[in-house]
Amino acid sequence: MEVGSLRERIIIALLIYKFGETNVETEIPITEPEVDVKLFGKPISIKTITGRGFRGVKLIWTVDAQKAKEFRENYYPKCDTILIQINWGGEGGFYYIPVEAQKDVFDRIGRERYIKLPKPGTNPRGVEITKEALKTLIKHSLTKVIKINWVKTRVDYNPYRRWVDYWRED
Numbered sequence: 030m031e032v033g034s035l036r037e038r039i040i041i042a043l044l045i046y047k048f049g050e051t052n053v054e055t056e057i058p059i060t061e062p063e064v065d066v067k068l069f070g071k072p073i074s075i076k077t078i079t080g081r082g083f084r085g086v087k088l089i090w091t092v093d094a095q096k097a098k099e100f101r102e103n104y105y106p107k108c109d110t111i112l113i114q115i116n117w118g119g120e121g122g123f124y125y126i127p128v129e130a131q132k133d134v135f136d137r138i139g140r141e142r143y144i145k146l147p148k149p150g151t152n153p154r155g156v157e158i159t160k161e162a163l164k165t166l167i168k169h170s171l172t173k174v175i176k177i178n179w180v181k182t183r184v185d186y187n188p189y190r191r192w193v194d195y196w197r198e199d
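Residue numbers (this note's numbering): 30 to 199.
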């Protein structure tokens with residue numbers, strides 16, 4: 030979850046860079062489900078995955094089985110999604126999936142095939158969108174994609190050094 034939050038901040042910073050601070054609202058209440066940022070006033074959920082496949086994308090973070098079941102029974106897509114597929118050493122992408130595409134797929138395949146509940150007795154940490162739904166969404170005619178060739182570059186970065194240097198300035 031923490032890695033996801035850091036990745037969200039990087040994507041939000043990209044949106045601020047591209048569209049300007051006045052058009053990107055970052056102060057979203059923690060109680061606001063799904064919404065990570067607002068772009069031109071429009072709510073957006075940011076999701077990231079690593080690898081070649083399309084699986085493991087959380088719709089909600091919870092380990093409570095009852096809460097997961099309630100979520101599935103009440104869920105319906107309500108905001109656009111930005112999905113970043115990181116595939117180091119290969120092709121991934123930046124996907125913009127409008128809420129209209131999500132509603133279309135949800136309505137066509139149904140709740141049971143759209144939402145994957147955690148397996149009882151495991152610790153998966155959340156409710157996921159199914160692989161089938163995700164693959165259908167990324168191929169949807171309304172979805173926009175920028176393909177990315179993910180190349181790792183060595184960055185000599187020491188987070189401790191950064192902060193030690195910062196404290197020295199004071």
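Here a beta-carbon is modelled for each residue, glycine too, at the ideal position from N, C-alpha and C.
Since we're looking at a predicted model, the values are computed, not measured.
Going by beta carbons, Gly85 and Trp179 fall outside the 8 Å limit. Spatial neighbours of Asn52 in its own chain (CB-CB distance under 7 Å, excluding positions within 5 residues in sequence) are listed in chain order as Leu68 and Phe69.
Membership of Pro188 in the alpha helix (DSSP H) is indicated by the continuous run Pro188 to Glu198. Closest in alpha carbon position to Arg140, among Ile167, Leu43 and Glu157, is Glu157.
Counting along the chain, the unbroken alpha helix (DSSP H) around Glu161 starts and ends at Lys160 to Ile167. Taken in chain order, the complete beta strand (DSSP E) segments of 3 or more residues contained in the segment 35-75 are 66-68. By the criterion of a C-beta distance shorter than 8 Å, Lys98 is surrounded in its chain by Leu146, once the five residues flanking it on both sides are discounted. Leaving aside the five residues that flank Ile41 on each side, the residues in its chain whose CB is nearer than 8 Å to its CB run, in chain order, Val53, Thr55, Asp65, Val66 and Ile75. Taking Thr60 as reference, the option from Lys47, Ile89, Arg38 and Arg36 with the minimal CA-CA separation is Ile89. Excluding its 5 nearest sequence neighbours in each direction, His169 has C-beta neighbours in its own chain below 6 Å: Ala130, listed in chain order.
Gly150 and Tyr46 have their alpha carbons spaced roughly 44 Å apart. Secondary-structure assignment with DSSP links Ile113 through a beta bridge to Thr77 and Phe123. The alpha carbon of Ser34 has as its nearest neighbour, out of Pro72, Ile78 and Tyr189, the alpha carbon of Ile78. In the three-state reduction of the DSSP assignment, Val128 falls in the helix class, which pools H, G and I. Burial state of Tyr105 is exposed, judged by a 10 Å Cβ sphere holding fewer than 16 other Cβ atoms.
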